[in-house]
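Have a look at the structure below before the remarks.
There are 6 protein chains.
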Amino acid sequence: MSVIIDSHAHLVAPPAFYGYRANLLASGGYYKGSPGISDDALAASAANNVKIMDSVGTDIQLLCPRPFHQMHSAKPEQVVHWWIEANNDLIARTVAMHPSRFAGVAGLPVCAGRPVTEALPELNRAVNDLGFVGVSLNPDPNEGIGHGPGLDDEYWYPLWEAMVDLDVPALIHSSGCFNGRESYSEHFVTEESIAILTLLRGEVFQKFPGLRIIVSHGGGSVPYQIGRWQAEVLSPGLGGDPNSTRFEVQLRQLYFDTVLHWPLALELLFKTVGPDRCLFGTEKPGSGSAINPETGRGFDDLKPVIEAMDFLTAEDREAIFENNARLVFPRLKIGG
Amino acid sequence: MSVIIDSHAHLVAPPAFYGYRANLLASGGYYKGSPGISDDALAASAANNVKIMDSVGTDIQLLCPRPFHQMHSAKPEQVVHWWIEANNDLIARTVAMHPSRFAGVAGLPVCAGRPVTEALPELNRAVNDLGFVGVSLNPDPNEGIGHGPGLDDEYWYPLWEAMVDLDVPALIHSSGCFNGRESYSEHFVTEESIAILTLLRGEVFQKFPGLRIIVSHGGGSVPYQIGRWQAEVLSPGLGGDPNSTRFEVQLRQLYFDTVLHWPLALELLFKTVGPDRCLFGTEKPGSGSAINPETGRGFDDLKPVIEAMDFLTAEDREAIFENNARLVFPRLKIGG
Amino acid sequence: MSVIIDSHAHLVAPPAFYGYRANLLASGGYYKGSPGISDDALAASAANNVKIMDSVGTDIQLLCPRPFHQMHSAKPEQVVHWWIEANNDLIARTVAMHPSRFAGVAGLPVCAGRPVTEALPELNRAVNDLGFVGVSLNPDPNEGIGHGPGLDDEYWYPLWEAMVDLDVPALIHSSGCFNGRESYSEHFVTEESIAILTLLRGEVFQKFPGLRIIVSHGGGSVPYQIGRWQAEVLSPGLGGDPNSTRFEVQLRQLYFDTVLHWPLALELLFKTVGPDRCLFGTEKPGSGSAINPETGRGFDDLKPVIEAMDFLTAEDREAIFENNARLVFPRLKIGG
Amino acid sequence: MSVIIDSHAHLVAPPAFYGYRANLLASGGYYKGSPGISDDALAASAANNVKIMDSVGTDIQLLCPRPFHQMHSAKPEQVVHWWIEANNDLIARTVAMHPSRFAGVAGLPVCAGRPVTEALPELNRAVNDLGFVGVSLNPDPNEGIGHGPGLDDEYWYPLWEAMVDLDVPALIHSSGCFNGRESYSEHFVTEESIAILTLLRGEVFQKFPGLRIIVSHGGGSVPYQIGRWQAEVLSPGLGGDPNSTRFEVQLRQLYFDTVLHWPLALELLFKTVGPDRCLFGTEKPGSGSAINPETGRGFDDLKPVIEAMDFLTAEDREAIFENNARLVFPRLKIGG
Amino acid sequence: MSVIIDSHAHLVAPPAFYGYRANLLASGGYYKGSPGISDDALAASAANNVKIMDSVGTDIQLLCPRPFHQMHSAKPEQVVHWWIEANNDLIARTVAMHPSRFAGVAGLPVCAGRPVTEALPELNRAVNDLGFVGVSLNPDPNEGIGHGPGLDDEYWYPLWEAMVDLDVPALIHSSGCFNGRESYSEHFVTEESIAILTLLRGEVFQKFPGLRIIVSHGGGSVPYQIGRWQAEVLSPGLGGDPNSTRFEVQLRQLYFDTVLHWPLALELLFKTVGPDRCLFGTEKPGSGSAINPETGRGFDDLKPVIEAMDFLTAEDREAIFENNARLVFPRLKIGG
Amino acid sequence: MSVIIDSHAHLVAPPAFYGYRANLLASGGYYKGSPGISDDALAASAANNVKIMDSVGTDIQLLCPRPFHQMHSAKPEQVVHWWIEANNDLIARTVAMHPSRFAGVAGLPVCAGRPVTEALPELNRAVNDLGFVGVSLNPDPNEGIGHGPGLDDEYWYPLWEAMVDLDVPALIHSSGCFNGRESYSEHFVTEESIAILTLLRGEVFQKFPGLRIIVSHGGGSVPYQIGRWQAEVLSPGLGGDPNSTRFEVQLRQLYFDTVLHWPLALELLFKTVGPDRCLFGTEKPGSGSAINPETGRGFDDLKPVIEAMDFLTAEDREAIFENNARLVFPRLKIGG
């Protein structure tokens, strides 16, 4: 039986931690200060998380910062660095409290309008010093305002190189959204779709064959809209070529998590990209934790949903629940 | 047996028509000129379209302007008016050539940064003078640059009111995209998703109960990501309320077309929103016209795909192919 | 002997309250949510404040929101309204816990780039519903970026009119500063100086003779630089007139608090503007709470400093400690 | 008895000189032309200045350009260079007419948005060719609009290095102000305060130990507001450290002039920063030349004010009137 | 024999007058001050001008402000008002000194980005109080930066209406130019061309039949490039119509001055627009005052050039030298 | 008798070619596609052009892209490259169809805001691979919006160098205009004037003595306004010098075409710059093709106009019609 690894989970910190974030923003970068979260306060949060995991049968959570709080577009950028470092520190302290239940996935201080190389020292610190096993990557540091380089742009190459060297994957997950048209949650889906299509349009996987990318929330809109892209890559009038690699083949260069709270969508995902490209993820507690009145369980209680899917083999389920995660996150050693 | 009505189709015009568009842009609005498309040239285009319809069993197409050419953000806005009017004129001429096979769905000169009321004269002309049965509506006249009002904003109310008065529906379909991160085609999906979520967040359907909106391409990402929004509307921590109307119920205030070229996606759509909210559409010839190497047919040859779906009843299919369109477009009289 | 009234004090809230501020900012205005501060948590903060007051002999504190957290330039402006209202609510709850020790001075949601009239409903709520006795006014809602109207501009007239009608004074105090050249604390001084000079340049006190304005931190730079302005108003070459009202007379249309932590500066203030224009204020706990190594007391322990000043009469001291505050804040009834 | 050296004085030029400035601005940088100030016209201005000096007992004035006319933000920047050079030339001609009464302090063409290195050729010309003994430095070349680098920024390092090499000090004095909230004169005070706090926050004096900086107008607001900064540097919650060097010690790395026209302010200055850090300055004729109705003398007639201060020793007065200036301006040789 | 009226001449003011302009700009609008030009200084300038007129046989000059100094784009706009008023005042004083030799043509404070109506009080003052006979109009108050409304725009209608009511003409003459591509002098020509073509494109002369417009410098490029516009108005492909009023006829709705310093150009002008549309003008002393090495006379000594033209009749010459000016400036009474 | 060479003529392409331009713009640079102009369609256009040439006696046309369609300011700049290349390709195909009647003058992808060096590969391709004999150069790639470097700026030096190396001249001709004040056609004249004055102001011809520049449309306004510039270069008060090279001598460093449709203007041009600097050009079919009602011939039928000018010698005419073109375009070999 599989170890159940939830590849998409977030730090649950005491509310005062976000008071620190407010201080950083209000001070305009003049004072760094300190979050001041005591061990007791943190331990209470962590224990609560473990309790939630136990209630749904999750063995291990990979924790990254709460995405919509990452504020990659905040200025001056120094506050972003301070804040992301504080997040990674708090994750590391949480992991240290429950080393068999949690592992760290680092936030990265990729700041709007700044070279991605400025995030690399924190990447190295997180992996080498704090023992993190992956990173969370916001493909839109402008947070919905401004038009930064797509993931196929050379802007990102130094990050890809560093990730390959460190043998860690990235979970694609945008942060806030301030364009007044989408909530941050809606922007997550937009950016996941853009990330996939941009990566496949470019030469990233050709240049960085060791790169591993997981797209959150079942890949945004792409598995659902796949017919559109299948036709496009074959259609000369739309910039395609009848001899191109089929889109569904290209798509399998990526990984996807299962943070979709609708069984039909999960089914479409598995059948479209293949169970071998999917990692169990629930983001619990989070976007899906409301109780579904029809089932009496949280929308994000996905383990029984997946277990009930007839079309999956036992091997498929093991891949989804554990084995794919172990392949994608080779630095994850616990629970094995 | 149903009359097959394709609710999502576009004007196929001679290439020189787009030369007129180029002239308008290049002249900076100084000269209006004329498209200069002869009856012969137009007849050849129209005949070709009819031939394509016949090849896949479509009886009627509802024609609107080619979306990505609408240039709603072009300046000065006068050129947008001239161009959209020229499109509607050409559609009207095409309809007049094959009155039993085509009906017109009007482009609207909703210009970036201008009041929506400036588009109403053309709306009235299209319906009252040209006999059009619906409109095509770009929810993002800024074309990916700039952050205009969402569809829940009062900005749009005069249009909703006029549409209700005229008893015509709108097909939501964005135009170009110039943010450098998404192609226009990818932006279609983004904007369809934003349109749905924004409309449901606001009070549009409460204030305009007679309003009918069809969302292109199977509703962008929303039916696939529905679990996310089902949970959100019930979750106080995310701005929701456990006593809210369920999201899947809210969603059924809208209509969707079937311009998805992936059978699994069509299945998800029908099962998620219900066959009574779906209108047959293929956008043929268009985004899905490439030949699927596995089937030897166009990706957009959707009639046999739908006919083969066991879980649909005969009544469902009639609704999808014809009856829903007749309800949504009551001004469509032909073929009945 | 006087009741000691500290006219310049700030809400001391649990850190999680600022976590709520972070949530508001991160969500981009999509969710209002709630601060979620329990009575217990708030009571602990309030009790601590009372203890600090007792330690320095303060009888009454007039509490307003912590200034640098007011975020008047945040967008969308809805979050500013929500946040300021939450501050005023928390102050009201604190006052209710110690009604003989605290009174409320309201924050105002004057938002950058928006009419001041949009802040008036909260002003009325604070005074009429919550029983507040004055307001805290940020003369620079742009928070150091952008150049909004000076206090002499007609922009502010509706506020002056409402304040006069409600018989409440304003404490001038800027909020954050994001120009990268000054810290918010340095910007306080800049804006206090600008506020004084702008008010005196304009016709505000002529048009609103009942208006009462207190300038924080001893009036910024103005009492110290007064010679410069005395000369200017008399000098034709600098826009002045030898027959003008002397500047030191004009200056006495305003009030000043004593939040200066340097005895020589306090002395200059009293001698320059007169004890009858000065209100005791310490902002404790706050900017001056560090221990002065020379005295072993906080820099902000100003009561003994003032009591030791020989040049002040007993009447002067009573004015400073209590009577001026009672004149300026006529709605303050406690302790009398 | 001391030689009375006024360290803060400005070129008094014939009005037509500013007509040249108007020409430069109006021509948009197309024509350089020439100021066309005759020796006779200049001699008349200079003689008048000497007469004023004699009337108040000033022996030597250090002349720099009239600050608010420096136009460091004018575009194209070529006109700034031409204009500042013309000022320095006119100062040099004035000095040549009265070599025992005047010495030159150079304006610098530090242009908004341009590297400070572009001002170094004129610095070298002024010191090496024209015999100037110091420079006047505007810390805000953006003139109140835009947010340039603070004086602690590396942007300014090449200037500090050149000044140390040439052994000349800088008098901090901003130029115009176009933000619509402050007059240029008010902005002087703002910028002097920012200059002090920014310099002390950074590492400028550590990296350039030979650097000498004089802050105009008695240091803006800082000596008056010193308690605020004393507390801050000791307060961890405000970015300070209880073991920091006391602020009043840090402050004595700078020099201050006495251009305060209020005796109480002068007293506060001397007692707060020490007479050994103060240089006699009057800016006469200038901001303080109006007649004080109470004394019948100009506000800027400061020599008798200082002579009447009992708390100053004879040595203090000699330092203020002459000796500090000789230490700070070692290139000043006259009158010794 | 004709009275020689130079319709295009500029105030010659003492250089210190432009020092006042510099003061206004430097002070950012805080101080109005006064130009301080004495009667003696002005009389010297005026006498010199009369001497120049006598040297070339000019009887009367119509004086307007020196154009490139008008600074219509300066901010805050208050300084433009002060400056233009000061110009008109100085012109009025000059006229009063030589009432038989000069008449006034008013500068107008049409400020960039402000309604033209704000210039009307000064227009009325100039005509009704100061006795001016016309206005000088800058069609580009943005001075080469920014794209304001063309002269055919409704923006200008209130000015046209007021001019017709007052029965005064406008001399079109732009001011400075700050786009870095053209000198102000080159921009004069650009704007004169734009003014003509824009006026003829619109409906200005249809709506304001009493309007009289004189275009400086022989009409910019238009008489020379007339063939281009003759063809355009007749060419459907370029927005024209074969039945349009011929361009050369349209062009004669305007008047032109003779400030062209090249005899061949003057000849082309007279032959192209007709002598009855041309007003003698020299702008002397000004752009053409350099000595032509071939003739030994100023380029702007145009009277003998015109007198030598055989193809002109005596009547033509009288029209050019005097009669046209009397028709266009009916308020000009002197010399008749 | 001369071979009649029309040095200023434009590609006449089928309207569908501009449909390709519209596609490029609408797609935002995502798809390159292909113009899809068949040989038959192109041959028809070319044959029509030859017929027009025959009708007016033109032997050879030098074809460059239709200027106002060049869209040098379009973004992303990739579409400009694709479009200009497509133009040059179509010109090359046209030349290949009638090698004795046409030669190619290349469009250049000089993109707004990008280094001119990015246009050099296409320059080399056009000359070396396609056999073109010159280039068409837009001096304002910003197309009326934005203020790019003048032709005297070092920005352009790499182009001048490459042109000299390849021994090809440039025809100065701007493209579109989007400032809302000028039509593109009016902007041509503006930019030609700026080009001349900027080139003569700088050091271009000193640094690149082999450079050859032809200014379209008879040199904009410059030959007509020459008196203004003759005076300026000699006038110290306007930045000139009495010992300068006379302007009319400087002007003869340039060449001019005869695309003026007004005989008086042609006469002025020949007499002002000399017949040896003028190249026959008609731009036919184009701006002057409307029929002149007075002559019954096209305004652009200039051959008989020039032939009828008495003041020209036979040698002059040969120079204008043929010999000057052969000197300026040494790579032009046909017809000789």
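Residue numbers (my numbering), protein chains in the order written: chain A, -11 to 324; chain B, -11 to 324; chain C, -11 to 324; chain D, -11 to 324; chain E, -11 to 324; chain F, -11 to 324. Each residue gets a CB set at the ideal place from its N, CA and C atoms; glycine is no exception.
Extent of the continuous alpha helix (DSSP H) to which residue i belongs
i              : result
residue 141(F) : Unbroken run through residue 141(F): none, as it is neither H nor E.
residue 253(D) : 251 to 261
Contacts around residue i, its chain only, beta-carbon distance under 7 Å, and the 5 residues preceding and following it disregarded
i              : result
residue 156(E) : 115, 121, 122, 123 and 319
residue 325(B) : There is simply no residue 325(B) to check, as chain B begins at -11 and stops at 324 in what is shown.
Same chain only: Cβ atoms within 8 Å of residue i, ignoring 5 sequence neighbours per side
i             : result
residue 45(A) : -8 and 291
Run of the beta strand (DSSP E) containing residue i, from where it starts to where it stops
i              : result
residue 244(C) : 243 to 245
residue -6(E)  : -7 to -2
residue 124(B) : 122 to 125
residue 49(A)  : 48 to 52
Beta-carbon neighbours of residue i, restricted to chain A and to distances below 7 Å
i              : result
residue 18(F)  : 227
residue 259(B) : 252
Proximal chain D residues relative to residue i, where beta-carbon distance stays under 9 Å
i            : result
residue 1(C) : Under the 9 Å cutoff, chain D gives no residues; its nearest Cβ is about 15 Å from residue 1(C).
Residue i: contacting residues in chain C (beta-carbon distance under 7 Å)
i              : result
residue 283(D) : The contacting residues do not exist; residue 283(D) stays about 11 Å from chain C at best.
residue 9(A)   : 10
Chain-ordered neighbours of residue i on chain E, where CB pairs are closer than 8 Å
i              : result
residue 216(D) : Neighbours of residue 216(D) on chain E: none; closest Cβ ~29 Å, over 8 Å.
Buried versus exposed call for residue i [16 or more other C-beta atoms within 10 Å across all chains shown]
i              : result
residue 352(B) : In the structure as shown, chain B starts at -11 and stops at 324, and residue 352(B) therefore has no counterpart that could be examined.
residue 301(B) : exposed
residue 281(A) : exposed
residue 206(F) : buried
Residue i: contacting residues in chain F (beta-carbon distance under 9 Å)
i             : result
residue 64(B) : 166 and 168
Min CB distance residue i to chain I below 8 Å
i             : result
residue 88(A) : Of the chains in the structure shown, none is chain I; the protein chains are A, B, C, D, E and F.
_Taking contact to mean 3 or more Cβ pairs, one atom from each stretch, closer than 8 Å, check whether the stretch 128 to 136 of chain D and the stretch 83 to 94 of chain D are in contact._
no
*Assess, as a yes-or-no matter, whether the stretch 230 to 243 of chain D is touched by the stretch 209 to 222 of chain D under the definition of 3 or more beta carbon pairs within less than 8 Å.*
With a cut-off of 8 Å, the stretch 230 to 243 of chain D and the stretch 209 to 222 of chain D count as touching, because enough Cβ pairs lie within range.
*Report yes or no: do three or more beta-carbon pairs, one from the stretch 208 to 217 of chain B and one from the stretch 249 to 268 of chain A, lie closer than 8 Å?*
yes
*Check whether the stretch 195 to 202 of chain C touches the stretch 144 to 162 of chain C, counting contact only when three or more Cβ pairs, one atom from each stretch, lie closer than 8 Å.*
yes
*When the Cβ atoms of the stretch 11 to 25 of chain C are set against those of the stretch 52 to 72 of chain C, are three or more pairs found closer than 8 Å?*
yes
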